[in-house]
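Quick note: the sequence shown, position 35, residue 34 per numbering that gives the first Met the number 0, numbers continuous.
All C-beta atoms in this analysis are idealised placements derived from N, C-alpha and C, irrespective of residue type, glycine included.
Below: the structure, in structure tokens.
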Amino acid sequence: MSKKNVKEEDNPLMSNDTEIKRNLHVDWGRQGAVIFAYIIVLLGYFGIVANTILLDDRGLWIPFTEMDPTVLFWTYKLYPQTFYLPLFLLFFICVFLTYKEDIPHYGIKASLWLVPSLIVEGFLWYWIMLLIQCRLAPNPGICILNNLAQPFIYQFAYGEGYLNIIILYGCTFTGALSGMKLKQFVRIKRKF
């Protein structure tokens, strides 16, 4: 063995190895289900809310400029009108996310991340509606600047915003724990 070969064997960075080691592996069976569940919650949750808030007392559609913007941040106010469908949707998606995982902590973590994504989506829907509404204003730049911080004020300056966050976290955590207990119950039943 020559001296050159010994150096190459000791230092893997100096070898002429063309084999590329891939350490990143994506299990689309697992992550795909999580992404699909997130899409269902994000579109379904605000879809149910939007179908409720854009109807007046007579059942006629109203323009979004006449709706109450706080409903995007304080969605708990609409739960009785929607027969608690957004909460049930969130609960059952959290049960699904935790039940399908072999390690329940992964499902609980995935479920709890739904709440910040729902809050961010409320901000995004508000800003999209704000841009469309301010486009019709005589001075759109000033309209946007005056209303840009409103989502933060609605969500974090009022008690209703914190109450909504607590309700959402309570629902997701309860759903995740229910999914974990359901999985444990099914495993015990399969043993006997």
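My understanding is that residue i touches residue j, with C-beta atoms under 8 Å, so please give their C-beta distance in whole angstroms.
{"i": "L53", "j": "E120", "result": "The Cβ separation is near 17 Å, so there is no contact."}
{"i": "V48", "j": "P85", "result": "6 Å"}
{"i": "L96", "j": "V33", "result": "7 Å"}
Got a sec: does the ligand ZN put a non-hydrogen atom nearer than 7 Å to the Cβ of residue i?
{"i": "P62", "result": "The ligand ZN is not among the ligands present in this structure, which contains no ligands whatsoever."}
What's the call for residue i, buried or exposed, on a 16-neighbour Cβ count within 10 Å?
{"i": "N163", "result": "buried"}
{"i": "G160", "result": "buried"}
{"i": "F90", "result": "buried"}
{"i": "E100", "result": "buried"}
{"i": "A109", "result": "buried"}
{"i": "L167", "result": "buried"}
{"i": "I64", "result": "Rather than Ile, the amino acid found at residue 64 in this sequence is Thr. With fewer than 16 Cβ atoms within 10 Å of its Cβ, T64 is classed as exposed."}
{"i": "A36", "result": "buried"}
{"i": "F45", "result": "buried"}
Less than 8 Å separating the beta-carbons of residue i and residue j?
{"i": "A175", "j": "I102", "result": "no"}
{"i": "L71", "j": "W124", "result": "yes"}
{"i": "I118", "j": "I39", "result": "no"}
{"i": "I141", "j": "L129", "result": "no"}
{"i": "L181", "j": "Y98", "result": "yes"}
{"i": "G31", "j": "L88", "result": "no"}
Where residue i and residue j are concerned, what is the direct C-alpha to C-alpha distance, given to the nearest angstrom?
{"i": "D56", "j": "T74", "result": "18 Å"}
{"i": "Q149", "j": "F155", "result": "10 Å"}
{"i": "V185", "j": "S177", "result": "12 Å"}
{"i": "N50", "j": "I131", "result": "19 Å"}
{"i": "T69", "j": "W27", "result": "37 Å"}
{"i": "Y153", "j": "K190", "result": "51 Å"}
{"i": "R29", "j": "Q183", "result": "19 Å"}
{"i": "M66", "j": "L59", "result": "13 Å"}
{"i": "Y157", "j": "V94", "result": "30 Å"}
{"i": "A136", "j": "I127", "result": "15 Å"}
{"i": "N145", "j": "F82", "result": "35 Å"}
{"i": "M179", "j": "I187", "result": "12 Å"}
{"i": "R134", "j": "S116", "result": "27 Å"}
**OP:** Please specify which runs of the alpha helix (DSSP H), each continuous and at least 4 residues long, are wholly inside the segment 144-189, giving them in chain order.
**Re:** Counting whole runs of 4 or more residues, the segment 144-189 contains the alpha helix (DSSP H) stretches 149-155.
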